[in-house]
Structures are given as structure tokens and as C-alpha cells.
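Student: The working numbering applies: residue 73 is where the sequence shown begins, and numbers increase by one.
Ideal Cβ positions, reconstructed from N, Cα and C, are used throughout, including at glycine.
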Amino acid sequence: MRRQLSLTLFLLFTLFSSFAQAPSVTYHNKKGETVPKKEDSYFYRIIARDIESEAFKYVEFYTQGDVPKINAYISKPTFIQSTIGPFQSFYPNGRLYEKREYNNKNQVIDSAFRYYPNGLIESVLFYKTPSDEIYIYEKMGAKTDPTLFILAQDSLGNKLAENGNGKLVLKNLLSSNNDNYGDPDYESGPISNHKKNGEWVGKFRSYTFEETWKDGVLLGGISMDSIGEKITYNQATLTADPSYPGGINVLRQLVANNFRYPREAIDVGVSGTIMISFIVEKNGQMSNFKISNDLGYGTGPATIKALRMAKEVWKPGIQRGRAVRVAYRLPVTLHTL
């Protein structure tokens, strides 16, 4: 245990010695849920502000062996999907799983590569530079998929699709390591001229789906869960992030209005940023409140108490037409006079 703690401290120092504030460190199980101790975790996450770029360095390590899991930058510490610049993820054996590039709008751009555990390329995709002229399919009122499919092959190097034509089989080879839903997530179907065309099928977590595509436009889809419940969706309801009524600044103001400084925090003049993590549930309610970064003197519990007083229900995150649970982090800055 002492050696593991020493290694973690060394990693924190070497990775974040040039960053502004002390890094935020949280521990997580396979589902990504926060757990209190490192020994109870499957991986741990470190986030710290970069002095030069004002972005946030975002890394994750598998707890066993402190092996890198993710190496990236994000623009918002509350939202780990706000990736900017180069992104890399790794298998538990330390080999590269995926690398891609994001612009300052958190959109994937340029070439993206995914690899098998043996090091061979699984797929090569190319993401167009975002442009309404390219993406908007005006007649159908839907956005086209910005992805151009270049290459897909099996783990032995046999080509499944080449030069944008063939049958694509994309597997999330990390998903079976990260959740309790059995086989890896996947999607499979024909491509022509670098775009999805025809009937596609796949699996995501606990449900399967069928989709119809034409020249990169999703015409419609049906997802079915383990008990046979079916939900239809289209491009507009394919995915969506959770949102608070009126925007996140409304929630921040509610927390500020409801926050009551503990007496001991006033006495010592506590100032700084508290980070609260929670889950936006499928019904829009907040749950699983945890203090990711505490300033002490009762300020963490006081912040959670203020956050619980927000009565409005979130619009939940959406994945293939289904409401999903989404982890969220909210920084709260305190100043005492």
C-alpha cells in the first residue's frame, strides 16, 4: 500500500508540477461511479488547470499497476467530454487503444485510429472539419454523420473495408472491461463512398439497436432493451447531453443563493474551489452527491446542502433515444472577506 501511494504521489508530481492549482483526484469503479478509496477503485482520475493554455489536463490510470488509461485535455472541468487537442486511451496492458484529435469546440477532427490489444490497427476514420454546409441535409432537416470510414480489418490484419467501401465492424474493445454488460459494445453495417449506407445493427450496454442510414444520414433507428421494450429515434434524438433548465449558470446562482457559510469557515477565512460530483439520473433528478475536492471546515457538506435545494429537474442525457445516467461535476468557488 505504501509503495502504491508513493507511486501515485510521484505520478501526480511529475504530471502536474507545471499546473496552476492542486489537482483534483477522484476514484472510480468499472461503471465510472465515484468510490471513496483508491483500493476500492478500478481507475482514478486526475484533473488540473494548465497555466499556459487555461485548459485542464485530464488523465486516468488503471488502479492496478497505475497504468495509463486516458491522456487528454478538456475545456470544462465539470464535463469530461469537453475534450480539446490530442486524446489517447489505453488498454489495461498499457498498449494504445485509440488516438484522435479534437478542436476547441470539442468536436473530433482529422484522422482517428483504433487498435487491437496485439497492436494491429482495427480501424481508421476521418472526421470532416465542422461546417454547416457539409453537415446539414436540408431536405430532411437532419445532420449527416461527419465520419468518413477509411479502413477496417480484423485482429489478424484481414481487410473488412478499404478505401471507404465494404462492411464495417466497430467494437468498443474496452467496454467489456469497464462495465457489467457482458460482451463489448459494437456496431456493424455496410459502407460505400466512406459513409454509412443501408441497415446497421449493434449493441450498447444493455440494449441492442437497428438503424437505417443513407449517405451518412440516419433515417431512423430502433433500440430494444433486455425485456423487449422498443424505442424509436432519429438523428435529432440520437444523443444529447443533460441540461439544467435555464442553463448551468442558473444552477450556480441557486447554489450561491442557498449556500450558508459554516461559522468555522468564516473564522479561518476559507477561500477556494470546491468540486461536487453527482449523477443526473434518467428522470432528471440529481443523486450520488460526493465531494471531489473539499476546502474543509464544513464547506463541502454545506455546498451539497445548497445544491440539494435546487428544485428544478434536469433534462436527462440521451443515447439512441433513451434517457441515460450521466456523471457531472460542478465547481463552486468560495470567497470570504
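How would you label V404, buried or exposed, when you count the other beta carbons within 10 angstroms and need 16 or more for buried?
Tutor: Answer is buried; the Cβ neighbour count reaches 16.
Student: Determine whether the beta carbon atoms of F361 and I376 lie at a separation below 7 Å.
Tutor: In contact: F361 and I376 (Cβ atoms closer than 7 Å).
Student: Based on DSSP bridge pairs, tell me the residues matched to I351.
Tutor: Beta-bridge pairing links I351 to S359 and A399.
Student: Could you give the first and the last residue of the continuous beta strand (DSSP E) run that contains D182?
Tutor: Taken as a continuous stretch (DSSP letters only), the beta strand (DSSP E) holding D182 covers V180 to Y187.
Student: Pick helix, strand or coil for A337, following the three-state DSSP scheme.
Tutor: A337 falls in the helix class under three-state DSSP.
Student: If we ignore side chains and look at the alpha-carbon of each, how far apart do F221 and S161 end up?
Tutor: Going by the C-alpha atoms only, they are around 20 Å apart.
Student: V340: buried (16+ other C-beta within 10 angstroms of its C-beta) or exposed?
Tutor: So V340 ends up on the exposed side.
Student: Does any residue of chain B have a CB that is nearer than 7 Å to the CB of N178?
Tutor: In the structure shown, chain B does not exist; there is a single protein chain.
Student: Measuring only the C-alpha atoms, how far is Y207 from V396?
Tutor: Because Y207 carries a pLDDT of 39, less than 50, the predicted location of this residue cannot be relied on, and no value is offered for it.
Student: Helix, strand or coil, according to DSSP, for N330 in the structure here?
Tutor: It is helical.
Student: What did DSSP end up calling T304 once you bin it into helix, strand or coil?
Tutor: In this structure, T304 counts as strand in the three-state DSSP scheme.
Student: I need the straight-line Cα distance from S96 to P149, nearest angstrom please.
Tutor: Near 9 Å, if we compare the C-alpha coordinates of P149 and S96.
Student: Counting pairs of Cβ atoms below 8 Å between the region 318-337 and the region 293-310, do you hit three or more?
Tutor: No, because fewer than three Cβ pairs between the region 318-337 and the region 293-310 fall closer than 8 Å, the two stretches do not touch.
Student: Only counting the same chain, and skipping five residues up and downstream in sequence, which positions put a Cβ closer than 7 Å to that of G270?
Tutor: Same-chain partners within the cutoff: G261, P262 and W285.
Student: Applying the 10 Å Cβ sphere with the 16-neighbour rule, what's the burial state of A308?
Tutor: Counting Cβ neighbours within 10 Å, A308 comes out exposed, since fewer than 16 surround it.
Student: Going by DSSP, name the residue or residues bridged to E271.
Tutor: According to DSSP, which records beta bridges pairwise, E271 is partnered with T284.
Student: For the alpha helix (DSSP H) that T371 lies in, which residues bound it at each end?
Tutor: T371 to R380 is the span of the alpha helix (DSSP H), which, as asked, contains T371.
Student: For the beta strand (DSSP E) that F198 lies in, which residues bound it at each end?
Tutor: That run of the beta strand (DSSP E) goes I193 to Y199.
Student: DSSP state of L232, grouped into three classes?
Tutor: Note: L232 maps to strand in three-state DSSP.
Student: Taking K243 as part of the beta strand (DSSP E), name the residues at either end of that continuous run.
Tutor: That run of the beta strand (DSSP E) goes N237 to N244.
Student: Can you tell me whether Q391 is buried or exposed, with buried defined as 16 or more other CB within 10 angstroms of its CB?
Tutor: Buried.
Student: Given V107, which residues of its chain have a CB within under 7 Å of its CB, disregarding the five upstream and five downstream residues?
Tutor: Result list for V107: Y99, H100, N101 and S113, in chain order.
Student: Could you tell me the alpha carbon to alpha carbon distance between Y174 and R380, rounded to whole angstroms?
Tutor: Looking at the two C-alpha atoms, the distance is approximately 34 Å.
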